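Colleague:
Protein chains: 2
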Amino acid sequence: MSQYTVKQLSDKLGISVHTIRFYDDQGLFPEVSRDHYKNRIFTEESLSWVNLVLCLRNTGMSISEIKHYINLCQEGDSTVHERYQIILNQKKKAEEDLKEMQKRLEVLAHKEKYYETLLAERVIIDMP
Amino acid sequence: MSQYTVKQLSDKLGISVHTIRFYDDQGLFPEVSRDHYKNRIFTEESLSWVNLVLCLRNTGMSISEIKHYINLCQEGDSTVHERYQIILNQKKKAEEDLKEMQKRLEVLAHKEKYYETLLAERVIIDMP
DNA sequence: ATAAATCATTCGAGTAACTCGAAGTCAACC
DNA sequence: GGTTGACTTCGAGTTACTCGAATGATTTAT
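Heads up: the protein sequence lines correspond to chains E and Y, in order.
Numbering-wise (the numbering used here), the first sequence opens with residue 3 and increments by one.
Numbering-wise (the numbering used here), the second sequence opens with residue 3 and increments by one.
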């Protein structure tokens, strides 16, 4: 299948139909066309836009920043340098976020261990 | 220094004074006392609460879920098992998030490469 | 063929988690 | 003693959803 409705895309990507329509209304999906009943149709091409937008959003870029990037993409070759800088900057942010996430995971792992020893002791104490 | 005002904590942890007060108003910091002018005072003990709350929040736990966990902590030993399950579950979520983040980083790295080759070509083309 | 179910649409209201600023209190410095 | 600065509360504003109502077309069931 090379075409998707909003619902099908929602199922495929695991994001709500509301969010998809919201993003489209904000102009984040430039290549989305409509059928003769005004229903949105996502092709393989628009799908790659959607994936890019989700990647940017999930690495913390705001809607308006994404919108700016999308606009640059549509303006053609003259904006390549700025787009490159945006991606570079976003990658840097994502790398930092990843490190932070690893620290948080360690905190949780430490907490998990703490509760495990606590529970292990309790089992012994509770024995008759 | 073993005591902090809201501003000092804000500077130390890099979160806004508004957010700190907001979290405190929501009851996420049980050990925060006030001086005789009603100013909040964070001790080393309350600081460890703050760090835990930030860890949970930054791994995607909602305010109300954090509040529930904090309440359990204050109820004593009988809640250890439920607390353990919560932490375990949160750790699992964080691990999945980390994997997703790594994928996103790869997407951005790929995009970066794409722009680099594009820019390298452009330099040659633009030469007189 | 008409009714029901299922999918789509728009639009406006509601929510979570901040984010900001106004208005007021207190203390310390010049 | 007036300004500066950090604290307070409180209410309004913002972002990014999130939901539901009202409406319309398509498919299936009787």
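Cβ atoms here follow ideal geometry from the backbone N, Cα and C, with glycine treated the same way.
Just so you know, these numbers come straight off a predicted model, no measurement behind them.
Given a threshold of 16 other Cβ atoms within 10 Å of its Cβ, counted over all protein chains shown, does S48 (chain Y) qualify as buried or as exposed?
Modeller: Mapped onto the second sequence, residue 48 (chain Y) falls at position 46. By the neighbour-count rule (16 or more Cβ atoms within 10 Å), S48 (chain Y) is buried.
Colleague: Could you please give the first and the last residue of the uninterrupted alpha helix (DSSP H) stretch that includes F31 (chain Y)?
Modeller: Position 29 of the second sequence, counting from 1, holds the residue named residue 31 (chain Y). Unbroken run through F31 (chain Y): none, as it is neither H nor E.
Colleague: Cβ of E97 (chain Y) less than 8 angstroms from any chain E Cβ?
Modeller: Along the second sequence, one-based indexing puts residue 97 (chain Y) at 95. Closer than 8 angstroms to some Cβ of chain E, the Cβ of E97 (chain Y) qualifies, so yes.
Colleague: Is the CB of N41 (chain Y) under 8 angstroms away from at least one CB in chain E?
Modeller: Translated into positions along the second sequence, residue 41 (chain Y) becomes position 39. Chain E contact via Cβ: absent.
Colleague: Across the region 90-102 of chain E and the region 103-111 of chain Y, are there enough close Cβ pairs to call them in contact, namely three or more that are closer than 8 angstroms?
Modeller: Yes, the region 90-102 of chain E touches the region 103-111 of chain Y.
Colleague: What in chain Y is Cβ-close to V52 (chain E), meaning under 8 angstroms?
Modeller: Start at 1 with the first residue of the first sequence, and residue 52 (chain E) comes out as number 50. Those within 8 angstroms of V52 (chain E) in chain Y number zero; the least Cβ separation is about 13 angstroms.
Colleague: Would you report the Cα separation of E97 (chain Y) and G62 (chain E), rounded to the nearest angstrom?
Modeller: Position 95 of the second sequence, counted from the first residue, corresponds to residue 97 (chain Y). Position 60 of the first sequence, counted from the first residue, corresponds to residue 62 (chain E). Whole-angstrom Cα-Cα distance: 18 angstroms.
Colleague: So with Cβ pairs under 8 angstroms, would you call N60 (chain E) a contact of chain Y?
Modeller: For the purposes of this step, residue 60 (chain E) is taken as residue 58 along the first sequence, with counting starting at 1. Interface residue, yes.
Colleague: Could you confirm whether any beta carbon from chain E is found closer than 8 angstroms to the beta carbon of H83 (chain Y)?
Modeller: Here residue 83 (chain Y) refers to the residue found at position 81 of the second sequence. Yes, its Cβ sits closer than 8 angstroms to a Cβ of chain E.
Colleague: Going by the beta-carbon positions, is the gap between S35 (chain E) and I22 (chain E) smaller than 8 angstroms?
Modeller: Here the question's residue 35 (chain E) lines up with position 33 in the first sequence. Here the question's residue 22 (chain E) lines up with position 20 in the first sequence. No; because the gap between Cβ atoms is not below 8 angstroms, this pair is not in contact.
Colleague: Using 8 angstroms as the limit for Cβ to Cβ distance, is L110 (chain Y) near chain E?
Modeller: By 1-based counting over the second sequence, the position of residue 110 (chain Y) is 108. Yes, contact with chain E.
Colleague: Look at the alpha carbon of L74 (chain Y) and the alpha carbon of S64 (chain E), and state the distance between them as a whole number of angstroms.
Modeller: Counting from 1 along the second sequence, the entry for residue 74 (chain Y) is found at position 72. Counting from 1 along the first sequence, the entry for residue 64 (chain E) is found at position 62. The alpha-carbon atoms of L74 (chain Y) and S64 (chain E) are separated by roughly 35 angstroms.
Colleague: I believe V55 (chain Y) touches Y6 (chain Y) by the beta-carbon criterion, under 8 angstroms. Please report the beta-carbon distance rounded to the nearest angstrom.
Modeller: For this step, residue 55 (chain Y) is matched to residue 53 along the second sequence. For this step, residue 6 (chain Y) is matched to residue 4 along the second sequence. Not really, about 15 angstroms apart at Cβ, beyond 8 angstroms.
Colleague: Which class does Y39 (chain E) belong to by DSSP, given the choice of helix, strand or coil?
Modeller: Mapped onto the first sequence, residue 39 (chain E) falls at position 37. Here Y39 (chain E) sits in coil by DSSP.
Colleague: On the DSSP bridge list, what partners appear for F24 (chain Y)?
Modeller: Taking the second sequence and counting its residues from 1, one reaches residue 24 (chain Y) at position 22. Looking at the DSSP assignment, F24 (chain Y) forms no beta bridge with any residue, so it has no partner.
Colleague: Just the chain E side, please: which residues come within less than 9 angstroms of R23 (chain Y) by C-beta, in chain order?
Modeller: On the second sequence, position 21 is the one that residue 23 (chain Y) refers to. Within chain E, no residue comes near R23 (chain Y); the closest Cβ sits about 23 angstroms away, beyond 9 angstroms.
Colleague: Go to D79 (chain Y), then tell me how far its alpha helix (DSSP H) extends in each direction, as first and last residue.
Modeller: The residue given as residue 79 (chain Y) occupies position 77 in the second sequence. No alpha helix (DSSP H) holds D79 (chain Y); DSSP gives it neither H nor E.
Colleague: Tell me which same chain residues have a C-beta within less than 6 angstroms of the C-beta of E146 (chain Y), skipping the five on either side of it?
Modeller: Nothing about residue 146 (chain Y) can be reported from this structure: the residues present for chain Y run from 3 to 130 only.
Colleague: For Y116 (chain Y), count the other beta carbons within 10 Å of its own beta carbon; 16 or more makes it buried, fewer makes it exposed. Which is it?
Modeller: The sequence position of residue 116 (chain Y) within the second sequence is 114, counting from 1. Looking at its Cβ environment, which holds fewer than 16 other Cβ atoms inside 10 Å, Y116 (chain Y) is exposed.
Colleague: Taking the alpha-carbon positions, what's the Q76 (chain Y) to Q87 (chain Y) distance?
Modeller: Residue 76 (chain Y) sits at position 74 when you count from the first residue of the second sequence. Residue 87 (chain Y) sits at position 85 when you count from the first residue of the second sequence. Q76 (chain Y) and Q87 (chain Y): Cα-Cα distance of roughly 16 angstroms.
Colleague: Roughly how many angstroms separate the alpha carbons of L122 (chain E) and E84 (chain Y), rounded to a whole number?
Modeller: Here residue 122 (chain E) refers to the residue found at position 120 when the first sequence is read from its first residue. Here residue 84 (chain Y) refers to the residue found at position 82 when the second sequence is read from its first residue. One detail in the question is off: residue 122 (chain E) reads as Ala in this sequence, not Leu. When rounded, the distance between both Cα atoms is 15 angstroms.
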